[in-house]
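Colleague: Once you've had a glance at the structure underneath, I'll fire off some questions.
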Amino acid sequence: MSHVMKEKQKLLNRLKRLRGQLEAIERAVEADTECARVLQQATSCRGALDGFIAEVIEDHIREHMLDPDASRDDPRTQAAEELVAIVHAYLT
Numbered sequence: 002m003s004h005v006m007k008e009k010q011k012l013l014n015r016l017k018r019l020r021g022q023l024e025a026i027e028r029a030v031e032a033d034t035e036c037a038r039v040l041q042q043a044t045s046c047r048g049a050l051d052g053f054i055a056e057v058i059e060d061h062i063r064e065h066m067l068d069p070d071a072s073r074d075d076p077r078t079q080a081a082e083e084l085v086a087i088v089h090a091y092l093t
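Using my numbering, the first residue of the sequence shown is number 2, and each one after it goes up by one.
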């Protein structure tokens, strides 16, 4: 995952927030918090994980599928950008 090095701190910050969300869910379950509240926290956590996954996929596409010397009009560049948009639409 060498391509992730450029975005490493951003990804680590996302993971730290995700860890905090998971710990909040654990505390809520331990405290017998109402189901609706626990589910709301779990859904937020799932959204955060989906966002993390989308970022890693985007970085992978940009690093391994795009030619850095290709123009923005290159059909492969346009296809990769469309794929990034689809990933974000699906996961975030």
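We put the beta carbon where it would ideally sit given N, CA and C, even for glycine.
Does R18 come out as helix, strand or coil in the three-state DSSP assignment?
Modeller: In the structure shown, R18 sits in a helix (DSSP, three-state: H, G or I).
Colleague: Could you tell me whether the Cβ of R77 comes closer than 9 angstroms to any Cβ of chain B?
Modeller: Absent from the structure is chain B; it holds one protein chain and no more.
Colleague: Could you pull the start and end residues of the alpha helix (DSSP H) that R73 belongs to?
Modeller: From DSSP, R73 is part of no alpha helix (DSSP H); its letter is neither H nor E.
Colleague: In or out: I54 buried (at least 16 other Cβ within 10 Å) or exposed?
Modeller: Exposed, by the Cβ-count rule.
Colleague: Is it true that the CB of A29 sits closer than 9 angstroms to the CB of R18?
Modeller: Not closer than 9 angstroms, so no.
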